[in-house]
Amino acid sequence: MPISVTPIDSLDDHTNDIRLRTARFVNEEILPRENELFPRRRGVEITDDLRDQAKIAREEIKAMVKLAGLWAPHLPQEYGGMGLDFLPHAYMNEIMAYALGAAPLFGVVAPNSGNQKILVKYGTEEQKQKWLLPLIEGTMESGFSMTEPDSAGSDPRAIKTTARHDGDEWVINGHKWFTSNGKDADFFIVMCRAEDPTGEQGRSGSMVQIIVPTSTPGVDVVRGIGIWGRETSDHCEVVYDDVRVPLENALGRVGQGHEAAQERLGAGRIYHCMNSVGQMWRAFDLMIERTLTREVHGGLLRDKQFIQGFISDSYIDIQTSRMMTIKAAEKVDRGDTDARTDISALKIYVPAAYARVVDRAIQVWGAAGVSNDLPLGQMYLGARTLRLADGPDEVHRILIAKNVLRSYEQGHSWDFAN
Ligand SMILES: Cc1cc2nc3c(=O)[nH]c(=O)nc-3n(C[C@H](O)[C@H](O)[C@H](O)COP(=O)(O)OP(=O)(O)OC[C@H]3O[C@@H](n4cnc5c(N)ncnc54)[C@H](O)[C@@H]3O)c2cc1C
């Protein structure tokens, strides 16, 4: 079923144009070729031939996306992207994400896209030439290496990986895991604690992100961590043992590492949630399609009140998620500092709503719902994972309460209308 998109009166022409063109592209070029582009949906053994055909098909689509002017919404125009603000980008994401797995066909692929944004903002001209441009051209891959097995990822300032000055080099020692894209990456952006001989810096005062080529002696990609019952994945465990890189590989200055990571994750949360909205929309359409045609116990599913309850609860989940995400994107675009609170709220609400919608769609489809013939199983695991990645729910709950209480303590009640 194609995604149904019409102009939104309150939006400017540019954003509506992007929405409509993205929808046309998804409906005409991607959805009809989904099984070719993502062969594991076919329900047959995936041969090298099928894999090669899929790769060629994906390259074809990417070339068409570029011609259509829909490539890299997150990048400034000077780097070949669309230069979109948060809001139009969010509107584009929900449509792209309707075709599960299609974002890379539009040049948006984590963690490369997050790294590109950080390099655009904090990179020196030399770093941009050496790392950003190849990343954009697709001749290099990258990872973001922050989470550690031996310290709480939910408290990024607790990081133990150290970076020490020695002459004109950094010497990095530490142990990371869940570094996504770890197997293919040519370089990692590694979050470190710069050793401070005076011991005077605060907990986040010594954080620094350092670019580390994966070929540097001492970088050991130990394994791809198996997740959700799979033997392996590209989320990797990485040991850094006396890894030496030039001082100029620091991205921004010492002390900016925490701010840069938060900026990256803040943006990422809005994009991930708008992707989730697009995927809920797809799951919803699939659920309705089945209810209109499947007969059980002498009637169509659509006539059963249990199922009507699934439809209306899912409708509410999607509408609420969408409104929360769009409101947060609007706040970010106008530089409202309260946006952090809204981002945390949607980061808790949307993945949970996404899981509920997909869960109902799976139930309606019966056994087919968990098969690879449909994208629902993959969505379900993605929704659950999102409750951990980019900050677990509990951390976001604490942040919301802190910000709200501070506001009241300073004599302002919360302005929900803003
Ligand atoms: C698929 C996937 C991909 C990922 N990709 C990357 C990547 O590319 N790069 C990277 O660096 N990391 C990545 N991560 C790691 C992710 O960012 C971390 O898992 C996340 O930040 C949580 O950290 P943690 O796993 O160490 O959990 P912990 O910090 O140990 O937290 C465990 C649990 O404790 C609870 N908790 C935490 N704080 C509080 C509190 N104050 N009060 C009450 N309860 C609390 C929460 O329930 C939380 O889930 C990825 C994770 C996954 C699952």
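Per my numbering: the sequence shown = residues 23 to 440.
Just so it is clear, CB atoms sit at the ideal spot from N, CA and C, and this is done for glycine as well.
Since residue i and residue j should fall inside the 8 Å C-beta cutoff, what is the C-beta to C-beta distance between them, to a whole number of angstroms?
{"i": "Asp208", "j": "Thr236", "result": "6 Å"}
{"i": "Gly165", "j": "Val230", "result": "About 17 Å separates the two Cβ atoms, so there is no contact after all."}
{"i": "Phe332", "j": "Met309", "result": "7 Å"}
{"i": "Phe306", "j": "Ser336", "result": "5 Å"}
{"i": "Val29", "j": "Asn49", "result": "Before going on, a small fix: residue 29 reads as Pro here, not Val. Actually they are not in contact, since the Cβ atoms of Pro29 and Asn49 sit about 16 Å apart, beyond 8 Å."}
{"i": "Ala351", "j": "Leu109", "result": "5 Å"}
{"i": "Asn115", "j": "Asn271", "result": "Contact flag wrong, Cβ pair sits at about 32 Å."}
Would you tell me roughly how many angstroms separate the C-alpha atoms of residue i and residue j, rounded to the nearest one?
{"i": "Pro133", "j": "Leu421", "result": "25 Å"}
{"i": "Gln284", "j": "Ile181", "result": "14 Å"}
{"i": "Asn394", "j": "Arg252", "result": "14 Å"}
{"i": "Lys205", "j": "Cys258", "result": "7 Å"}
{"i": "Thr261", "j": "Val234", "result": "It is worth fixing the name first, because residue 261 is Val in this sequence and not Thr. Distance between the alpha carbons of Val261 and Val234: 12 Å."}
{"i": "Gly175", "j": "Leu33", "result": "38 Å"}
{"i": "Glu147", "j": "Glu217", "result": "26 Å"}
{"i": "Asp264", "j": "Arg406", "result": "36 Å"}
{"i": "Pro98", "j": "Leu106", "result": "7 Å"}
{"i": "Arg245", "j": "Arg304", "result": "34 Å"}
{"i": "Glu416", "j": "Asp364", "result": "15 Å"}
{"i": "Glu222", "j": "Val193", "result": "Model confidence at Glu222 stands at a pLDDT of 49, short of 50, so the residue's coordinates are unreliable and nothing is read from them."}
{"i": "Arg41", "j": "Ala112", "result": "10 Å"}
{"i": "Glu51", "j": "Gln385", "result": "29 Å"}
{"i": "Ile211", "j": "Trp199", "result": "13 Å"}
{"i": "Lys369", "j": "Gly189", "result": "43 Å"}
DSSP three-state label for residue i, please.
{"i": "Glu222", "result": "Annotation note: pLDDT 49 at Glu222 (below 50); position unreliable, coordinate value reported separately. Residue state, collapsed to three classes: coil."}
{"i": "Glu317", "result": "strand"}
{"i": "Leu273", "result": "strand"}
{"i": "Thr44", "result": "helix"}
{"i": "Asp307", "result": "helix"}
{"i": "Met401", "result": "helix"}
{"i": "Ala90", "result": "coil"}
{"i": "Ser26", "result": "coil"}
{"i": "Ile181", "result": "coil"}
{"i": "Arg186", "result": "strand"}
{"i": "Gly331", "result": "helix"}
{"i": "Phe128", "result": "helix"}
{"i": "Arg356", "result": "coil"}
{"i": "Gly103", "result": "coil"}
{"i": "Pro373", "result": "helix"}
Quick check on the DSSP output: the beta strand (DSSP E) that includes residue i runs from which residue to which?
{"i": "Ser202", "result": "191-202"}
{"i": "Pro268", "result": "257-268"}
{"i": "Ile211", "result": "209-216"}
Starting from residue i, trace the alpha helix (DSSP H) both ways and give me its first and last residue.
{"i": "Pro156", "result": "155-159"}
| message | Below 8 Å, how does it come out for the segment 372-385 and the segment 416-430: are there three or more Cβ pairs, yes or no? | response | no
| message | Any contact between the segment 285-303 and the segment 127-147? By contact I mean 3 or more CB pairs, one from each, below 8 Å. | response | yes
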